[in-house]
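Heads up: the sequence shown at position 114 corresponds to 142 in this note's numbering, and the numbers run straight through without jumps. Glycine included, C-beta positions come from ideal geometry on N, C-alpha and C.
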Amino acid sequence: MINSGEGFRLPDQRNFELATQRTLELNRSRFLATQDFNKICQNSGAVFQPPFIQLEYFGFKVKVNTRNAAVTSPDTDLSLREEALILHYLLKADGTPVLHEQISFKELPEGANYQPVFYNRVLKGLIALYTADRARLTLSALSLGGEKTDQADMSFLFQALPRLPLWLVFWQGDDEFPPEGNIIFDRSISHYLDTEAITEICQNLGHRLNQKTP
């Protein structure tokens with residue numbers, strides 16, 4: 029099964045690196061057990077050039093070796109968590125087209141239950157970046173392939189993975205209300221990542237924006 033949705037669970041353990049490594053090894057094993065890499069590419073929007081599956085991750089070129097499940101990029105260093113996430117995307121993708129219907133995190137499966145975690149792990153830091161220096165945040169977003177859109181007071185569209193658009197939106201606030209921020213998804217996203225992995229890819233976006241913001 030390449031669309032079971034399993035394989036991206038980072039257990040709440042003190043040794044988080046070990047938990048991440050276990051998740052990566054699980055996804056590698058499932059990937060290598062796949063019999064039809066052409067089907068994976070068809071479902072995910074990736075390109076199969078044997079022995080590699082090629083795709084882009086936030087504008088960075090990525091190769092997945094079908095012989096050993098190694099995930100590499102000539103453009104950037106990928107963390108173990110990002111490697112696991114990319115494999116999870118390839119395994120879960122079922123070919124559903126982008127629906128062009130925007131939804132919030134709360135509308136995802138179990139999203140309402142995850143919302144406090146999503147805010148603390150993702151949105152809180154992004155709002156802090158926006159509040160600190162919008163000009164630098166803009167440069168950082170553009171360097172990750174973000175495109176300006178006309179939503180809210182500031183917003184960017186990112187192509188996180190071939191069939192995974194993300195909208196990063198901010199409201200500047202006023203004397204009565206503080207600045208706010210959110211990440212918006214296409215309704216098709218749950219056909220490509222589970223809710224925990226969606227939290228993870230948004231957190232990865234925040235980390236990369238922080239790295240590129242002086």
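Spatial neighbours of residue i in its chain, beta-carbon cut-off 8 Å, leaving aside the 5 residues before and after
i: Asp181; result: Phe198, Trp199, Gln200
Secondary structure of residue i, DSSP reduced to three states
i: Ser132; result: coil
i: Ala112; result: helix
i: Pro144; result: helix
i: Gly139; result: helix
i: Phe65; result: helix
i: Gly234; result: helix
i: Gln187; result: strand
i: Gln49; result: helix
i: Val75; result: strand
i: Pro39; result: Only weak support exists for where Pro39 lies, its pLDDT of 48 falling under 50; the coordinates are left without a value.
i: Leu106; result: coil
Which residues DSSP lists as bridging residue i, in chain order
i: Thr100; result: Lys91
i: Glu175; result: Leu185
i: Phe198; result: Met182, Gly209
i: Glu306; result: Because residue 306 is not part of the residues shown, which for the chain are 29 to 242, the question remains open.
i: Pro193; result: Gln187
i: Asp214; result: Gln130
Heavy atom of the ligand MG within 7 Å of residue i beta-carbon
i: Phe65; result: This structure lacks the ligand MG, and indeed carries no ligand of any kind.
Residues of its chain near residue i, where Cβ-Cβ distance is below 6 Å and the 5 sequence neighbours each way are ignored
i: Arg56; result: Ala97
i: Gln82; result: Val75, Lys91
Residues of its chain near residue i, where Cβ-Cβ distance is below 7 Å and the 5 sequence neighbours each way are ignored
i: Ile155; result: Pro207, Glu208, Gly209
i: Ser32; result: The pLDDT assigned to Ser32 is 45, lower than 50, so where the model puts this residue is not dependable; a value taken from the coordinates is nonetheless given after this. If we look at Ser32 and ignore the five residues flanking it on each side, it has no Cβ neighbours.
i: Ile229; result: Leu113, Ala188, Leu221
CB-CB length for residue i against residue j, believed under 8 Å
i: Gly73; j: Arg191; result: 5 Å
i: Leu244; j: Leu237; result: The shown model of the chain, from 29 to 242, leaves out residue 244, and the question about it has no answer.
i: Lys134; j: Gln143; result: 6 Å
query = Are the stretch 128-136 and the stretch 83-100 in contact at 8 Å, needing three or more beta carbon pairs?
reply = The stretch 128-136, when compared against the stretch 83-100, does not touch it at the 8 Å Cβ threshold.
query = With a cut-off of 8 Å, do at least 3 Cβ pairs link the stretch 159-175 to the stretch 138-151?
reply = In short, these stretches do not touch, since the Cβ pair count stays below three.
inquiry  = When you compare the stretch 205-221 with the stretch 97-105, are there three or more beta-carbon pairs, one atom per stretch, that lie closer than 8 Å?
reply    = Because the criterion of three Cβ pairs below 8 Å is not met, the stretch 205-221 and the stretch 97-105 do not touch.
message = Three Cβ pairs or more, each shorter than 8 Å: is that satisfied between the stretch 165-174 and the stretch 103-121?
response = Cβ pair count under 8 Å is below three, so no.
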